[in-house]
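Peer 1:
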Amino acid sequence: MITVPSPTSPPWLAALLVASLIQMVGSFMSQSMPVIAPLLTATVGVPGERVGTLYALTSFGSILFMAFGAPIISRVGPVAALGASVICAGFSLLLVTAGSWPVAMLAAGLLGLSYGPVPPGSTRLLGATAPARHRGFIFSIKQAGAQLGGVLAGILLAPLAAHAGWEVALLTAASAGIFAGIGTLAYRKRLDIARDPSRSIHPLVLFHGRNLRAPFAAIAADPRLIALTVLTTAFATAQGCLFSFCVTFLTSIHGATLVQAGYAYACMQGGALVGRLVLGFWADRAGDTMRNILGQAWACAVLILMWATLPLPTGAIYVLVLAFMVGVMAASWNGLVLSEIARIAPPERVVEAASGSTMVSFGGYVLGPALFSIAVSGFGGWFVPYMLVAAQLALTALILPFWLRRQ
Numbered sequence: 256m257i258t259v260p261s262p263t264s265p266p267w268l269a270a271l272l273v274a275s276l277i278q279m280v281g282s283f284m285s286q287s288m289p290v291i292a293p294l295l296t297a298t299v300g301v302p303g304e305r306v307g308t309l310y311a312l313t314s315f316g317s318i319l320f321m322a323f324g325a326p327i328i329s330r331v332g333p334v335a336a337l338g339a340s341v342i343c344a345g346f347s348l349l350l351v352t353a354g355s356w357p358v359a360m361l362a363a364g365l366l367g368l369s370y371g372p373v374p375p376g377s378t379r380l381l382g383a384t385a386p387a388r389h390r391g392f393i394f395s396i397k398q399a400g401a402q403l404g405g406v407l408a409g410i411l412l413a414p415l416a417a418h419a420g421w422e423v424a425l426l427t428a429a430s431a432g433i434f435a436g437i438g439t440l441a442y443r444k445r446l447d448i449a450r451d452p453s454r455s456i457h458p459l460v461l462f463h464g465r466n467l468r469a470p471f472a473a474i475a476a477d478p479r480l481i482a483l484t485v486l487t488t489a490f491a492t493a494q495g496c497l498f499s500f501c502v503t504f505l506t507s508i509h510g511a512t513l514v515q516a517g518y519a520y521a522c523m524q525g526g527a528l529v530g531r532l533v534l535g536f537w538a539d540r541a542g543d544t545m546r547n548i549l550g551q552a553w554a555c556a557v558l559i560l561m562w563a564t565l566p567l568p569t570g571a572i573y574v575l576v577l578a579f580m581v582g583v584m585a586a587s588w589n590g591l592v593l594s595e596i597a598r599i600a601p602p603e604r605v606v607e608a609a610s611g612s613t614m615v616s617f618g619g620y621v622l623g624p625a626l627f628s629i630a631v632s633g634f635g636g637w638f639v640p641y642m643l644v645a646a647q648l649a650l651t652a653l654i655l656p657f658w659l660r661r662q
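Heads up: take any position in the sequence shown, counting from 1, add 255, and you land on the numbering used here.
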């Protein structure tokens with residue numbers, strides 16, 4: 256039997272605080288290895304570009320949990336799952352301090368596996384508590400924690416690694432996760448909701464083909480969820496390409512210094528943070544989240560074209576403002592999509608639907624930048640690859656409304 260909240264308890268604000276904290280700390284830890292990567296790879300004696308292997312393993316670990324782990328969240332409840340998630344992630348980071356590349360690769364996979372419960376678990380928690388009229392804004396606040404965690408990783412861990420060593424930086428990140436997880440578990444009784452104690456988590460059940468199919472079946476059950484998932488994949492592709500190559504694009508093509516490009520990247524992250532809050536609030540007021548996301552896709556495609564055709568030389572203020580706007584439109588969709596999934600999917604299938612959508616969209620994060628890199632080499636420049644990124648997003652936004660009308 257699934258437990259549900261009473262009309263007055265648990266409070267949605269407590270649920271939002273827990274979900275936002277875990278989102279921020281989870282992002283803080285997952286961004287820690289990329290931040291200290293130059294020092295880590297130098298210590299273990301591998302080329303710097305091998306950090307991409309760690310990113311791929313982390314993404315694979317997250318996808319693996321999302322494929323098989325939904326019954327665990329249902330069994331223990333979202334709060335317990337979220338608390339255990341960041342605790343396990345913290346211990347995963349501690350493994351990296353061994354200074355061995357094979358151990359670092361293992362730790363990256365475990366880090367991703369640990370982060371896996373965060374998107375579906377927080378979606379289930381807020382889906383069961385957030386007032387319907389503010390759902391989009393509340394989910395966007397939670398998702399803004401991811402950008403804040405990334406900003407904090409860059410601001411805090413990079414200087415700490417430079418002055419005290421990368422091991423100290425990772426110990427700091429790991430400690431933050433472990434303490435945040437312990438604090439979150441203190442809320443378990445107060446927020447003991449959306450839990451099904453009868454749900455089996457036997458390995459034969461977790462790895463059964465039916466369980467693997469469940470996230471995708473939850474998405475396939477509703478055309479609106481299919482449309483949202485396709486759109487999130489297009490957005491994830493755009494976001495991954497824009498964020499991953501921002502600094503390289505500005506330094507190699509526009510002659511910006513690393514510091515100048517870093518400021519632009521910070522503005523892009525800041526735009527994502529502000530966009531998730533503002534656009535989430537606007538979506539609630541407009542009352543049609545899907546239409547807002549589609550409009551956001553068109554705006555993002557236009558901004559990608561502007562980004563790809565930056566004039567040379569480019570004024571610093573123009574670049575910073577454009578980077579901010581790119582962040583607003585390219586990375587503020589996640590909270591809106593998760594709120595729509597929580598609204599559309601049946602309560603007992605929210606975890607599966609969120610896991611399925613996130614798994615598919617992660618393909619955009621992984622494959623998008625990889626294919627973009629190949630395209631830059633193949634076309635001998637950046638313009639055509641950026642055009643392709645903008646085109647795939649615009650075409651998705653153009654086709655989906657017509658497809659939905661035919662369902």
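Every residue, glycine too, gets a C-beta built ideally from N, C-alpha and C.
#1: Between the beta-carbon of I277 and the beta-carbon of T439, is there less than 8 Å?
#2: Starting from P602, trace the alpha helix (DSSP H) both ways and give me its first and last residue.
#3: Can you look up R330 in the DSSP assignment and give me helix, strand or coil?
#4: Is A491 closer than 8 Å to Y620 when the C-beta atoms are compared?
#5: Within this structure, are the beta carbons of L349 and A482 separated by less than 8 Å?
#6: Please determine, among S314, G404, D539, the residue with the shortest C-alpha to C-alpha distance to R388.
#7: Would you say the beta carbon of A269 is closer than 7 Å to some non-hydrogen atom of the ligand ZN?
#8: For L365, I'd like the list of residues in its chain whose CB is within less than 6 Å of its CB, leaving aside the five on either flank, ordered along the chain.
#9: Taking contact to mean at least 3 C-beta pairs separated by less than 8 Å, is the stretch 396-410 in contact with the stretch 283-290?
#10: Using DSSP with H/G/I as helix, E/B as strand and the rest coil, what is A435?
#11: Measure the C-alpha to C-alpha separation of L272 and F634 and round it to an integer number of angstroms.
#12: Kindly indicate which three-state DSSP category Y294 falls into: helix, strand or coil?
#13: Please list the terminal residues of the continuous alpha helix (DSSP H) segment that includes L374.
#14: Mind pulling the alpha helix (DSSP H) runs of 4 or more residues that sit fully within the stretch 444-530?
#15: Please identify the residue among A335, A359, T378, G371 whose C-alpha is closest to the C-alpha of A608.
#16: Which runs of the beta strand (DSSP E) at least 3 residues long sit entirely within the stretch 572-604? Give them in chain order.
#17: Using the rule of at least 16 other Cβ atoms within 10 Å of the residue's Cβ for burial, across every protein chain shown, is K444 buried or exposed?
#18: Could you compute how far the alpha carbon of S340 sits from the alpha carbon of I328?
#19: For V576 and L381, I'd like the C-alpha separation in whole angstroms.
#20: Mapping the DSSP letters down to three states, classify L653 as helix, strand or coil.
#21: Among residues of its own chain, excluding the 5 on either side of V615, which ones have a beta-carbon nearer than 7 Å to its beta-carbon?
#22: Closest to L622 by C-alpha separation, out of P601, F315, L593, A344, would be which residue?
#23: Going straight from the alpha carbon of L593 to that of A630, what length do you get?
#24: Among A554, A541, F579, T651, whose alpha-carbon lies nearest the alpha-carbon of A527?
#25: Quick one: give me the first and last residue of the alpha helix (DSSP H) that L407 is part of.
#26: For A325, collect the residues of the same chain with a Cβ closer than 8 Å to its Cβ; drop the 5 residues on either side in sequence, then sort them by chain order.
#27: Between I474 and the rest of its own chain, which residues show a CB-CB distance below 7 Å, the 5 nearest in sequence each way excluded?
#28: If you reduce the DSSP assignment to three classes, tell me which class L225 lands in.
#29: Could you please give the first and the last residue of the uninterrupted alpha helix (DSSP H) stretch that includes S369?
#30: Report back the beta-carbon spacing between G345 and S275 to the nearest angstrom; my notes put them in contact at under 8 Å.
#31: For A649, which residues from the same chain have a beta carbon less than 6 Å from its beta carbon, with the 5 sequence-adjacent residues on both sides left out?
#32: With distance defined between alpha-carbon atoms, name the residue in T651, R604, A552, W356 nearest to R454.
Peer 2: The answer reads as follows:
#1: yes
#2: Where P602 is concerned, there is no enclosing alpha helix (DSSP H), given that its DSSP letter is neither H nor E.
#3: helix
#4: yes
#5: no
#6: D539
#7: The ligand ZN is not part of this structure, which contains no ligands at all.
#8: S347
#9: yes
#10: helix
#11: 46 Å
#12: According to the sequence displayed, residue 294 carries Leu and not Tyr. Here L294 sits in helix by DSSP.
#13: Note that residue 374 corresponds to Pro in the displayed sequence, not to Leu. Residues 373-382.
#14: 458-461, 464-475, 478-499, 501-508
#15: T378
#16: none
#17: exposed
#18: 11 Å
#19: 33 Å
#20: helix
#21: T484, T488
#22: F315
#23: 31 Å
#24: F579
#25: 390-407
#26: P375, N466, A469, P470, V606, E607, S610
#27: L480, I481, T484, A608, G611, S612
#28: Lying outside 256 to 662, the shown extent of the chain, residue 225 is not represented and no answer is given.
#29: 356-370
#30: Not confirmed; about 18 Å, so no contact.
#31: A556
#32: R604
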